[in-house]
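As structure tokens, the structure follows; a few thoughts come after it.
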Amino acid sequence: MVDRKIRVLVAKPGLDGHDRGAKVIARALRDAGMEVIYTGLRQTPEMIATAALQEDVDAVGISILSGAHKTLCPRIIDLMRQNGMDDTLVLVGGIVPNEDIADLKANGVSEIFLPGTSTEDIVKFINENVRRENL
Numbered sequence: 002m003v004d005r006k007i008r009v010l011v012a013k014p015g016l017d018g019h020d021r022g023a024k025v026i027a028r029a030l031r032d033a034g035m036e037v038i039y040t041g042l043r044q045t046p047e048m049i050a051t052a053a054l055q056e057d058v059d060a061v062g063i064s065i066l067s068g069a070h071k072t073l074c075p076r077i078i079d080l081m082r083q084n085g086m087d088d089t090l091v092l093v094g095g096i097v098p099n100e101d102i103a104d105l106k107a108n109g110v111s112e113i114f115l116p117g118t119s120t121e122d123i124v125k126f127i128n129e130n131v132r133r134e135n136l
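Listed below in structure tokens is the structure:
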């Protein structure tokens, strides 16, 4: 079997119109040898879950600055689980208050990367946590 590249979907849910951070992360993941699919701005949870399924990704990176993480992230995860994507990492980057982190992780978020996290740390987390039997 030939190893394939790790596939990551980078998504911007909701009405947040700022995507510079998502593009920086997408480029860093690509430069680290991953295949990156960027959905663009203003995606619904349904659009993100559908794209993740269609693209057969190993991880979904959700970039969120709007404060709607407690609503949007659980919905995305629920839709992914309904589609059998139980082994797909769900990563959140952006503005998440410390008091919300435990709840998000309890609801299926694999890791949360706050502002200032190095791209190397994000690449390392993905490389260490994507299930190798999927590659």
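Using the numbering used here, you'd call the opening residue of the sequence shown number 2 and step up by one each time.
We put the CB at the ideal spot given by N, CA and C, even for glycine.
- Spatially closest choice to V97 from R82, T118, D79, L80, by CA coordinates: The sequence position of residue 97 within the sequence shown is 96, counting from 1. Selected option, being the one with the closest Cα: T118.
- In whole angstroms, what separates the C-alpha of M2 from that of D87? Stepping through the sequence shown from its first residue, residue 2 is reached at position 1. Stepping through the sequence shown from its first residue, residue 87 is reached at position 86. Residue placement at M2 is flagged as unreliable, the pLDDT there being 47, under the threshold of 50; a coordinate-derived value is accordingly withheld.
- Quick one: any contact between the segment 30-43 and the segment 71-88, if contact means 3 or more CB pairs under 8 Å? no
- Can L92 and D59 be called in contact, C-beta distance under 8 Å? Within the sequence shown, the letter at position 91 stands for residue 92. Within the sequence shown, the letter at position 58 stands for residue 59. Their beta carbons are not under 8 Å apart, which means L92 does not touch D59 by this criterion.
- Only counting runs of 4 or more residues, tell me where the alpha helix (DSSP H) segments fall wholly within the segment 29-61, in order along the chain. 46-56
- Query: Cβ of I113 within 8 Å of Cβ of A29?
  - Reply: Looking up residue 113 in the sequence shown gives position 112. Looking up residue 29 in the sequence shown gives position 28. No, the Cβ-Cβ distance between I113 and A29 is not below 8 Å.
- Going along the chain, which residues of its own chain have a beta-carbon closer than 6 Å to the beta-carbon of G95, five neighbours each way excluded? In the sequence shown, the residue the question calls residue 95 occupies position 94. Closer than 6 Å at the Cβ level, and outside the excluded window around G95, lie S64, I65, L66.
- Item | At least 3 beta-carbon pairs within less than 8 Å: the segment 43-58 vs the segment 76-87 | yes
- Query: Measuring from the CB of Q55, is there a heavy atom of the ligand GTP at a distance below 7 Å?
  - Reply: Ligands in the displayed structure: none, and consequently the ligand GTP is not present.
- Message: Within 10 Å of its beta-carbon, does V131 have 16 or more other beta-carbons around it, so buried, or fewer, so exposed?
- Response: Taking the sequence shown and counting its residues from 1, one reaches residue 131 at position 130. It is buried - the Cβ of V131 has at least 16 other Cβ atoms within 10 Å.
- Query: Using the rule of at least 16 other Cβ atoms within 10 Å of the residue's Cβ for burial, across every protein chain shown, is P14 buried or exposed?
  - Reply: Numbered from its first residue, the sequence shown carries residue 14 at position 13. Buried is the call here.
- Item | Residues bridged to V12 [DSSP beta-bridge criterion] | Position 11 of the sequence shown, counting from 1, holds the residue named residue 12. For clarity, residue 12 is Ala in the given sequence; the question names Val instead. Paired residue(s): I63.
- Query: Would you call the CB atoms of A1 and M35 closer than 8 Å?
  - Reply: Outside the displayed span of the chain (2 to 136) sits residue 1, for which this structure offers no information.
- Query: Since I113 is in the beta strand (DSSP E), which residue starts that stretch and which ends it?
  - Reply: Taking the sequence shown and counting its residues from 1, the one referred to as residue 113 is at position 112. Here the beta strand (DSSP E) through I113 covers 112-114.
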